[in-house]
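Quick note on our numbering: the first sequence kicks off at 3 and runs consecutively.
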Amino acid sequence: MIKAITGTKDILPVDMPKWHALEETVRNVFSNFNYKEIRTPIFEETALFARGIGESTDIVSKEMYTFIDRSETSVTLRPEMTASVVRSVIEHSLHKQQGLNKLYYFGPMFRQERPQAGRFRQFHQFGAEGIGSNDPALDAEMIIMAYDIITKLGLKNLTVKINSLGLPESREEYKKLLREYLSDKVELLSEESRKRYETNVMRIFDSKAENDQKIMAEAPLLIEHLDEESLEHFKLVKEILTSANVIFEVDPKLVRGLDYYTHTAFEIVSTSVGSQSALCGGGRYNLLSKEIGGEEIPGVGFAAGMERILLACENEKSFEPKEYESDLYIARLDKSLYNVVIDNAIKIRRNNLIVEYDYNHRSFKAQMREANKINSRFVMIVGGEEYERGETVLKDMSNGEQFTFKIDATTDIIKKITG
RNA sequence: GUGGGUGUAGCUCAGUUGGUUAGAGCGUCUGGUUGUGGCCCAGAAGGUCGUGGGUUCAAAUCCCAUCACUCACCCCA
């Protein structure tokens with residue numbers, strides 16, 4: 003018995019109403035902010051992610067689905083979308099056609115991690131990227147859109163965390179400072195953190211090891227060593243969020259695991275899911291386009307995990323997607339009338355109504371039971387004396403009332419149903 | 001990669017100190033008089049007890065291995 007690959011999930015018809023509801027909310031909010039959808043390939047040259055996201059990140063160093071294709075090219079299933087979107091903008095010179103490109107996307111992403119609650123190897127994200135402006139209003143807009151989508155779904159128990167990672171120059175200076183602070187404490191750090199001391203010292207703030215946290219509690223914070231420009235940028239972001247009524251908290255220890263961030267970094271976390279509590283995350287990435295070989299184009303964006311959001315919605319029972327319904331079920335009393343059923347079903351379906359009938363040649367009772375099961379509003383009964391008179395019965399399933407019509411006047415039936 | 005938990009019908013689960021033909025609810029199918037759903041009633045189908053090995057007169061039950069699922073660490077959406 004072949005089963006779906008570890009960490010992947012079938013999204014079955016019963017799951018579809020909530021996915022559609024989520025997608026609808028996402029599209030509505032993004033289009034109100036005038037973002038346009040973009041779709042990029044599901045796999046890319048490995049170098050795009052390696053350089054864009056950063057060799058030392060967990061994603062690149064141990065989580066990517068990478069393989070050599072038949073033309074000896076190393077390709078990778080995308081672990082996130084930002085690098086792809088920036089690549090696409092540069093490749094098609096979208097940034098030269100207009101100053102700012104406001105883009106959004108949906109789709110599956112792939113990371114080979116151990117699955118757990120709210121984490122899969124194939125998972126879905128929606129997200130937005132604003133490419134071509136360094137304005138703090140755009141940073142704020144990302145957070146506001148993410149916040150609006152999530153709150154429109156009725157979710158509570160949220161925290162919006164923001165931080166500024168500053169400019170590369172001030173960050174390098176700060177890293178020196180941090181290394182100095184840690185220089186005589188390296189021996190006390192966990193193994194993982196000692197590695198980070200060499201590769202990416204700021205990430206030690208992410209460590210959950212008790213002793214590491216104790217040491218880091220006293221460490222100098224980047225936010226206290228930001229340059230003027232970064233401080234001003236951060237201040238404006240906070241002001242806009244405040245006037246938009248987005249309640250946030252500044253988390254000086256929020257250091258995101260992707261290399262390309264500058265200035266704003268943010269996350270929205272929920273207490274309604276498992277330990278993987280980040281529903282969305284993002285930030286500004288003014289260095290990214292240069293990193294992947296283009297000119298320097300400022301950008302900011304975020305991505306949100308759809309499975310996690312739906313999990314939070316279920317746990318909070320925040321909304322109830324509507325159940326499947328159909329307009330008409332055509333039942334026959336006599337097997338010989340199958341063709342009449344088929345003809346009418348096709349005619350009425352072509353008039354934009356949801357029509358079903360029994361394909362398994364079951365009893366009339368079974369047909370009525372099925373009509374009820376699929377939530378059909380009406381049943382059209384074909385057969386018997388009425389049929390001999392050229393008529394058919396239409397039953398309203400909500401109250402049991404029945405009406406008789408000329409069978410060749412299906413338009414009357416359609417009117418009755420839609421009216 | 002590391003640790004914990006769980007694998008019995010399509011689903012959710014029961015199965016006593018190892019002891020005959022492995023159960024329930026839901027779901028599915030059929031029927032409850034000639035042509036009418038929901039509720040109710042009756043009946044039926046459906047299981048190599050995850051897989052492989054071992055202990056035993058006897059294993060769903062005990063032991064070992066293996067796989068899968070799951071939660072957590074790590075990290076992230």
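Even for Gly, the Cβ is constructed at its ideal location relative to N, Cα and C.
All of these numbers come straight from a predicted model, not from anything done at the bench.
CA-to-CA distance, Glu325 to Leu290, given in whole angstroms: 44 Å
Presumed contact (8 Å Cβ cut-off) between Met111 and Arg89, rounded CB distance: In fact, because the Cβ distance is near 15 Å, the residues do not count as touching under 8 Å.
Rounded C-alpha distance that separates Asn288 from Ser185: 30 Å
Through-space distance from His22 to Ala85, alpha-carbon basis: 26 Å
Sequence-distant residues of the same chain with beta carbon closer than 6 Å to Gln369, five excluded per side: Ala333 and Asp360
Where Pro110 sits in the DSSP three-state scheme: strand
According to DSSP, residues forming a beta bridge with Cys282: Ile270 and Ala306
Endpoints, beta strand (DSSP E) assigned at Phe45: Phe45 to Glu47
With 16 other Cβ atoms within 10 Å as the buried cut-off, status of Met18: exposed
Beta-carbon spacing of Lys20, Cys315 below 9 Å: yes
Under 9 Å between C-beta atoms of Pro170 and Thr266: no
Ala333 - partner residues in DSSP beta bridges: Ile383
Cα-Cα separation, Gly383 to Val16: This sequence places Ile at residue 383; Gly is not what is there. About 28 Å.
Same chain, Cβ closer than 8 Å to Thr201, neighbours up to 5 away in sequence not counted: Ser58
Beta-bridge partners of Asn165, as assigned by DSSP: Ala267
Gln127 classed as buried or exposed, judged by whether at least 16 other C-beta atoms fall within 10 angstroms: buried
Counted within 10 angstroms of its Cβ, other Cβ atoms place Ala148 as buried (16 or more) or exposed: buried
Coil, strand or helix - Asp261 by DSSP: coil
Sequence-distant residues of the same chain with beta carbon closer than 6 Å to Lys292, five excluded per side: Glu298
Whole-Å CB distance - Asp2 paired with Val239, under 8 Å assumed: The structure shown does not extend to residue 2, since the chain is modelled only from 3 to 421, so the question has no answer here.
Backbone CA spacing between His94 and Thr161 [nearest angstrom]: 37 Å
Residues near Thr412 in its chain [Cβ-Cβ closer than 7 Å; skip 5 each side]: Asn346, Lys349 and Ile350
Assigned exposure category for Ser172 - 16 Cβ within 10 Å defines buried: buried
Meets three-Cβ-pair contact criterion under 8 Å: the region 272-285 and the region 118-126: yes
In DSSP terms, what Gln118 is bridged to: Arg121
Own chain, CB closer than 7 Å to Phe380, minus 5 neighbours either side, in chain order: Asp329, Leu330, Leu396, Lys397, Asp398, Met399 and Ile419
Residue nearest to Glu25 in terms of C-alpha spacing, selected from Gly307, Ile415 and Lys417: Gly307
Close beta carbons around Ser320, own chain, < 8 Å, minus the five adjacent residues each side: Leu155, Gly156, Leu157, Lys158 and Ala314
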